[in-house]
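*Asks:*
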Amino acid sequence: MSDVRQISPVAGWTGSAPPAFTPDALAASAMRIREGCFVVSDPATGALGVANGGSQVTADVPGAWPVAAVLPAMYPEWLGDRSFAEVHGTRFAYVTGAMANGIATTELVIEAARSGCLGFFGAAGLSYQQVEAAIDELVGSLGHDGAPWGCNLIHSPNEPALEEAVADLYIARGVRKVSAAAYMSLTPAIVRYAYSGLTVDAAGAVIRPNMVFAKVSRPEVASHFMNPAPMAMLNKLVVTGKLTEREAQLAATLPVAEDFTIEADSGGHTDNRPLGPLFSAIQAVRDSVMTDRGYQRPVRLGAAGGIGTPQAAASAFALGASYILTGTVNQACVESGLSVAGKEMLAAADIADVTMAPAADMFELGVELQVLKRGTMFAPRAKRLYQLYRTYDSLDSIPADVAAEVERGVLQMSLDECWLTTRAFWMDRDPQQVAQAETDPRHKMALTFRSYLGLSSRWAIEGDQNRRTDYQIWCGPAMGAFNAWTSGTFLAEPAGRTVAQVAKNLLEGAAVVTRSHQLRTYGVPMPATAFDYRPRPLG
Ligand SMILES: Cc1cc2nc3c(=O)[nH]c(=O)nc-3n(C[C@H](O)[C@H](O)[C@H](O)COP(=O)(O)O)c2cc1C
Numbered sequence: 005m006s007d008v009r010q011i012s013p014v015a016g017w018t019g020s021a022p023p024a025f026t027p028d029a030l031a032a033s034a035m036r037i038r039e040g041c042f043v044v045s046d047p048a049t050g051a052l053g054v055a056n057g058g059s060q061v062t063a064d065v066p067g068a069w070p071v072a073a074v075l076p077a078m079y080p081e082w083l084g085d086r087s088f089a090e091v092h093g094t095r096f097a098y099v100t101g102a103m104a105n106g107i108a109t110t111e112l113v114i115e116a117a118r119s120g121c122l123g124f125f126g127a128a129g130l131s132y133q134q135v136e137a138a139i140d141e142l143v144g145s146l147g148h149d150g151a152p153w154g155c156n157l158i159h160s161p162n163e164p165a166l167e168e169a170v171a172d173l174y175i176a177r178g179v180r181k182v183s184a185a186a187y188m189s190l191t192p193a194i195v196r197y198a199y200s201g202l203t204v205d206a207a208g209a210v211i212r213p214n215m216v217f218a219k220v221s222r223p224e225v226a227s228h229f230m231n232p233a234p235m236a237m238l239n240k241l242v243v244t245g246k247l248t249e250r251e252a253q254l255a256a257t258l259p260v261a262e263d264f265t266i267e268a269d270s271g272g273h274t275d276n277r278p279l280g281p282l283f284s285a286i287q288a289v290r291d292s293v294m295t296d297r298g299y300q301r302p303v304r305l306g307a308a309g310g311i312g313t314p315q316a317a318a319s320a321f322a323l324g325a326s327y328i329l330t331g332t333v334n335q336a337c338v339e340s341g342l343s344v345a346g347k348e349m350l351a352a353a354d355i356a357d358v359t360m361a362p363a364a365d366m367f368e369l370g371v372e373l374q375v376l377k378r379g380t381m382f383a384p385r386a387k388r389l390y391q392l393y394r395t396y397d398s399l400d401s402i403p404a405d406v407a408a409e410v411e412r413g414v415l416q417m418s419l420d421e422c423w424l425t426t427r428a429f430w431m432d433r434d435p436q437q438v439a440q441a442e443t444d445p446r447h448k449m450a451l452t453f454r455s456y457l458g459l460s461s462r463w464a465i466e467g468d469q470n471r472r473t474d475y476q477i478w479c480g481p482a483m484g485a486f487n488a489w490t491s492g493t494f495l496a497e498p499a500g501r502t503v504a505q506v507a508k509n510l511l512e513g514a515a516v517v518t519r520s521h522q523l524r525t526y527g528v529p530m531p532a533t534a535f536d537y538r539p540r541p542l543g
C-alpha cells in the first residue's frame, strides 16, 4: 500500500472553514451528500480529511490545501440504474413489494407512487372481484400508462383458473406492470400477459406495453424468465387465440421479463439465501443469456430480502442492483392492511424473532414461509398440523387424544365443525376442491388444516383480539434491523411509520453510507458514526 502522505495533488482547495479531520467533523461532512467535496491532505501531518464548500484552485496557490480527489454531489435519486426510473416512471429506484391478501393496500401503492417509488398491489389470496375493485381505484388515482404501479400475479398451482382469470383481467384493464411470484417455471397465463400487445415502432424497435417483474430466488427459475418463452408454448397460445401470430413472432426475440427481483432471506415465501451469493449467481445467468441472445434492451436485476436499514440498501446498490424492493418494513407502516395489533407486534420484533412455518398455499408440498415468532404461537401450531398431515391418512385416523389436543389447542373447534366451515368456504370459492375432498380423505384433511393457516392471516389483518396468539404475520429479519435503526426516532412508533418516510430515509441513508464508503476507499479515516444515518422527517 502506498503511503497516503505521498499523494500527488490534483488541485488545491481554499475555504473559510477548515477541512474536517476529526471523527465528528468527518461524520458531519458525510451527511452533505448533495454537495461536492474535496479529499485534502494536511501538509503538516499527511492526514487525509474532507473539505466542503470553498473553492478549487491550482495546487501551487500559496496556502491552498493539497487535493487528492474531488467527489461530485450525489443524490438518492442516483442510486440504482437510471434506466429503471426512465422506463418505470419513478423518481427513485425503489419498489414496495406486493403483500398478499391486500396487505399491500391500494393506499400503500398510491402513497409509494406519489412519493416517487413503484408500488405493487398485494393481489394474491384475494378474489377476482376484490382485485378488479383495486384496479379501478389505482387507475382512478394514478392512471394507466407510464404510472409507477402494478399488481401481483401469483402462480397458483391449486387454482390455475384463477391465475388465468387474473392475468386476463390485467390485460383487459391495462395493468402495465405485474410482479410475477412463486413461479418455478412459465405458465401460459404469465407468458400471455408478458407478450400481449407487442408491436414495432417506425424505427423497428419492439414496443412492449406490459412489463413483468419476475421475483426469483433461484438461478434456474431466473433463466426461464430471461429467455423467450418456448416456441411450443407460444404456438399453443396462437392456436388458442390468446396471442396473435405477430405477437408470438416478436415474443421469440424477447425475454419474458426485463426486471428481476432477486429475493434473498425475506418475509413470507423465501429460500433464506443471503443476498451476496444469490445476486452474483443470478447475475451470471443474466450475463450469459444476454450474450447468447444479443438482446438490445437491458435486463435489470433488483435486490430484495433483508433490506430494512440504510446499510442494507447501500450494500444492495453496491452489488449492482438496478433497484431495491422492500416488503416486511412496509407491512409495519400505517398504510398497510395489517391490523394495529399486528403492527405493534412487528414493532417489538428483534432480528432473531422470525421462524419458518408451513405455507397455506403449498401446505401439501411441505413448503414453508418466514413469519414473526415473537408474541404468537402460530408457527408451532401450524407445524403441528403439518406433522399430523404427514403422519395420518385422514382426519378419522387421528387418535382421539391427539385430535382433542388439536381441537382445543389450535382450532378452537371440533375437527367436524372445522371441516364444515372449510367446506362452505370452498363451495363458494372452488367447488371442485370439495368434490375432491369428498372422495379423497387426505385432501379433506389438508383443506381442513389449511383453513387454520388461512384464517390465522385473516385474524392478524383484522386484529381479532381473541386469536392474537394465532396471528400469522409474514416477517423477515429486516424487521428487527429496522426496529433497531429507528429506535428513539420518529419512525419508532407504528403511528409514525409511513411508506414514503421509510423509503426516503432508507435511500437518503444509503446515499450517506455510500459517500462514507467512497471517502474511506480514498484513504479518509471515516469513523463508524459516518455509517450510522439516523431517521429524520424528509420532504
Ligand atoms: C406480509 C407479506 C406478504 C407478502 N406477500 C407477497 C405476495 O403476495 N407476493 C409476492 O410476490 N411477494 C410477497 N411478499 C414478499 C415481498 O413482496 C417482498 O419481496 C419481501 O418482503 C422482501 O423482503 P423483506 O421482507 O426482507 O423486505 C410478501 C411479504 C410480506 C412481508
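Each position in the sequence shown, counted from 1, maps to that position plus 4 in the working numbering.
Ideal Cβ positions, reconstructed from N, Cα and C, are used throughout, including at glycine.
1) Given the structure, does E267 come close to ligand 1, in the sense that its CB is under 7 angstroms from one of the ligand's heavy atoms?
2) Anyone know if the C-beta pair for P531 and A72 falls short of 8 angstroms?
3) When you compare only the Cα positions, how much space is there between A345 and Y197?
4) Rounded to a whole number of angstroms, what is the C-alpha to C-alpha distance between G53 and Q315?
5) Following a CB-centred definition, is G331 positioned closer than 7 angstroms to any heavy atom of ligand 1?
6) Does ligand 1 have even one heavy atom less than 7 angstroms from the beta-carbon of G101?
7) Any heavy atom of ligand 1 closer than 7 angstroms to the CB of S270?
8) Report yes if the CB atom of V303 is closer than 8 angstroms to the CB atom of P259, and no otherwise.
9) Could you have a look at E136 and say whether DSSP puts it in helix, strand or coil?
10) Consult DSSP for C422 and reduce its assignment to one of helix, strand or coil.
11) Let's test the definition: count the other Cβ atoms within 10 Å of the Cβ of M547 and tell me whether it reaches 16, buried, or not, exposed.
12) Nearest CA to the CA of P80: which residue from A261, T502, G120, T244?
13) Can you tell me whether DSSP reads L510 as helix, strand or coil?
14) Can you give the Cα-Cα distance for A209 and A68, rounded to whole angstroms?
15) With DSSP as the reference, identify every bridge partner of H273, one or two as the case may be.
16) To the nearest whole angstrom, what separates the beta carbons of F125 and A108, a pair I think is in contact under 8 angstroms?
17) Please report the straight-line C-alpha distance between S221 and Q416, rounded to a whole angstrom.
18) Between Y396, L399, A363, which has its C-alpha nearest P384's C-alpha?
19) Tell me the residue span of the beta strand (DSSP E) that contains A185.
20) Relative to ligand 1, is the shortest distance from any of its heavy atoms to the C-beta of K181 smaller than 7 angstroms?
21) Taking buried to mean at least 16 other C-beta atoms within 10 Å of its own C-beta, is L554 buried or exposed?
22) Can you list, in chain order, the residues of its chain whose CB lies under 6 angstroms from that of P152, leaving out five sequence neighbours each side?
23) Assign S6 to buried or exposed, taking buried as 16 or more other Cβ atoms, counted over all protein chains shown, within 10 Å of its Cβ.
24) Cβ-heavy atom distance between C479 and ligand 1 below 7 angstroms?
25) With respect to 7 angstroms, is the separation between the Cβ of K219 and the closest non-hydrogen atom of ligand 1 below this value?
26) Verify the contact flag: N156, CB atom, against every heavy atom of ligand 1, threshold strictly below 7 angstroms.
27) Is the beta carbon of L279 sitting closer than 8 angstroms to the one on A320?
28) Report yes if the C-beta distance between T359 and K347 is below 8 angstroms; otherwise report no.
29) Starting from V289, trace the alpha helix (DSSP H) in both directions and tell me its first and last residue.
30) Helix, strand or coil for E411? Go by DSSP, reduced to three states.
31) Could you check how far apart the C-beta atoms of W478 and L373 are, in whole angstroms? I think they sit under 8 angstroms.
32) In this structure, does DSSP put R433 in helix, strand or coil?
33) A34 and L615 - do their beta-carbons sit closer together than 8 angstroms?
34) Would you say the beta carbon of Q476 is closer than 7 angstroms to some non-hydrogen atom of ligand 1?
35) What is the DSSP secondary structure of N56, counted as helix, strand or coil?
36) What are the complete beta strand (DSSP E) segments, minimum 3 residues, inside the stretch 344 to 405?
*Replies:* In brief:
1) yes
2) no
3) 38 angstroms
4) 23 angstroms
5) yes
6) yes
7) yes
8) yes
9) helix
10) helix
11) Residue coverage of the chain in this structure runs from 5 to 543, which leaves residue 547 outside it and unanswerable.
12) G120
13) helix
14) 54 angstroms
15) L373
16) 6 angstroms
17) 37 angstroms
18) A363
19) 181 to 185
20) no
21) The requested residue 554 does not occur in the structure, where the chain is confined to residues 5 to 543.
22) H92, G93, T94, A117, L122
23) Residue placement at S6 is flagged as unreliable, the pLDDT there being 46, under the threshold of 50; a coordinate-derived value is accordingly withheld.
24) yes
25) yes
26) yes
27) yes
28) no
29) 279 to 297
30) helix
31) 6 angstroms
32) helix
33) Since the first and last residues shown for the chain are 5 and 543, residue 615 lies out of range.
34) no
35) strand
36) 358 to 362, 372 to 376
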